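Engineer:
Numbering (the working numbering), first residue to last: 609 to 763.
#1: Taking the CB atoms as reference points, tell me whether residue 696 and residue 613 lie closer together than 8 Å.
#2: Mapping DSSP to helix, strand and coil, what is residue 687?
#3: In terms of DSSP beta bridges, what is residue 617 paired with?
#4: Rounding to the nearest angstrom, what Cα-Cα distance links residue 686 and residue 670 in this structure?
#5: Near residue 659, which residues of its chain fall below 8 Å by C-beta distance, leaving aside the five closest residues on each side in sequence?
#6: What is the DSSP secondary structure of residue 726, counted as helix, strand or coil?
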């Protein structure tokens, strides 16, 4: 399953801003992500494996923007988006806690937007967006599910 979220992501580690500005951006990210994720899940058939409660899901978050972030700044920039996706996939947990479930495997990528792909905002900045890809992953036979530990299974 693939879908796109038109949401602004910035390097939160290197940004020195007022707490209310950060809070407003995070609330907007959460609302847009929740809406897009629910809409994408509704489009799937009822018996789709991604809708199973205990399905192991690999989730790739790809940031598309005019400038790239350092590798250590990319996960913090995606944190609110990650939390919101996990909250939709694992309802019933406290907000922001579901992304730690062992059934989710999170990957991050980024690429520069192609010409004409991103639009200019009224304040002069260029928008960014996040492309989300979800898939069921196969658990290798030599991994103990839920712990991530490798073990030698006698054949």
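All C-beta atoms, glycine included, are put in the ideal place defined by N, C-alpha and C. Since we're looking at a predicted model, the values are computed, not measured.
Structural biologist: On the basis of the coordinates in this document:
#1: Not a contact, by the Cβ cut-off of 8 Å.
#2: In the structure shown, the three-state DSSP call for residue 687 is helix.
#3: DSSP lists no partner for residue 617.
#4: Residue 686 and residue 670 have their C-alpha atoms roughly 9 Å apart.
#5: If we look at residue 659 and ignore the five residues flanking it on each side, its Cβ neighbours are 649 and 652.
#6: Secondary structure of residue 726 (DSSP, three-state): coil.
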